[in-house]
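A.B. asks: The structure follows.
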Amino acid sequence: MALEQNGYERRYADLTERYNTIKADYDKISGQIESKKAQRELFKGFIRALEKQGALVEEFDEGLWSSLVQEVVVKSKDDILFIFKNGFKIKTR
Numbered sequence: 004m005a006l007e008q009n010g011y012e013r014r015y016a017d018l019t020e021r022y023n024t025i026k027a028d029y030d031k032i033s034g035q036i037e038s039k040k041a042q043r044e045l046f047k048g049f050i051r052a053l054e055k056q057g058a059l060v061e062e063f064d065e066g067l068w069s070s071l072v073q074e075v076v077v078k079s080k081d082d083i084l085f086i087f088k089n090g091f092k093i094k095t096r
């Protein structure tokens, strides 16, 4: 009977470890899916803002700028990073 109990406990521990590994992978992938969904919504907003503009932008448009750009990081006159609301980053050189 003691051998059966040891075998059962070992099998249970193995299955628990396997479950925890698979659950961690599932949680990670679920988080990635949610992140992609949020990014998709940002892209949709980005595209809508550009479509509203219609024609080529020939002068500064504060509304367009505010709807597209989240942050601008200026490190020097030659090193500027534009961070868009959809996650894109563009660095000048």
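Residues in the sequence shown are numbered consecutively from 4, following our numbering.
Think of the CB as a built atom: it goes at the ideal place given N, C-alpha and C, for glycine as much as any other residue.
I think Gln73 touches Lys88, with their Cβ atoms under 8 Å apart; what is that distance to the nearest whole Å?
C.D. replies: Walking along the sequence shown from the start, residue 73 turns up at place 70. Walking along the sequence shown from the start, residue 88 turns up at place 85. With 8 Å as the limit, Gln73 and Lys88 qualify as a contact, their Cβ atoms being about 5 Å apart.
A.B. asks: Starting from Glu65, trace the alpha helix (DSSP H) both ways and give me its first and last residue.
C.D. replies: Taking the sequence shown and counting its residues from 1, one reaches residue 65 at position 62. Run containing Glu65: Glu65 to Leu71, per the alpha helix (DSSP H) assignment.
A.B. asks: Below 8 Å on the Cβ atoms is my contact criterion, and I expect Phe49 with Leu71 to pass it. Report the Cβ-Cβ distance as a whole number of Å.
C.D. replies: Numbered from 1 along the sequence shown, position 46 holds the residue referred to as residue 49. Numbered from 1 along the sequence shown, position 68 holds the residue referred to as residue 71. Yes, they are in contact, since the Cβ atoms of Phe49 and Leu71 sit about 6 Å apart, within 8 Å.
A.B. asks: Rounded to whole angstroms, how far is the Cβ of Ile83 from the Cβ of Val77, which I believe are closer than 8 Å?
C.D. replies: In the sequence shown, the residue the question calls residue 83 occupies position 80. In the sequence shown, the residue the question calls residue 77 occupies position 74. So it is a contact: roughly 5 Å between Cβ atoms.
A.B. asks: Closer than 6 Å by C-beta to Tyr11: which residues in its own chain qualify, once you throw out the five before and the five after it? Chain order, please.
C.D. replies: The sequence position of residue 11 within the sequence shown is 8, counting from 1. Closer than 6 Å at Cβ, skipping near neighbours: no residue.
A.B. asks: Give me the residue from Thr24, Tyr22, Phe46 and Lys31 with the minimum Cα distance to Phe91.
C.D. replies: Counted from its first residue, the sequence shown places residue 91 at position 88. Cα-wise, what sits closest to Phe91 is Phe46.
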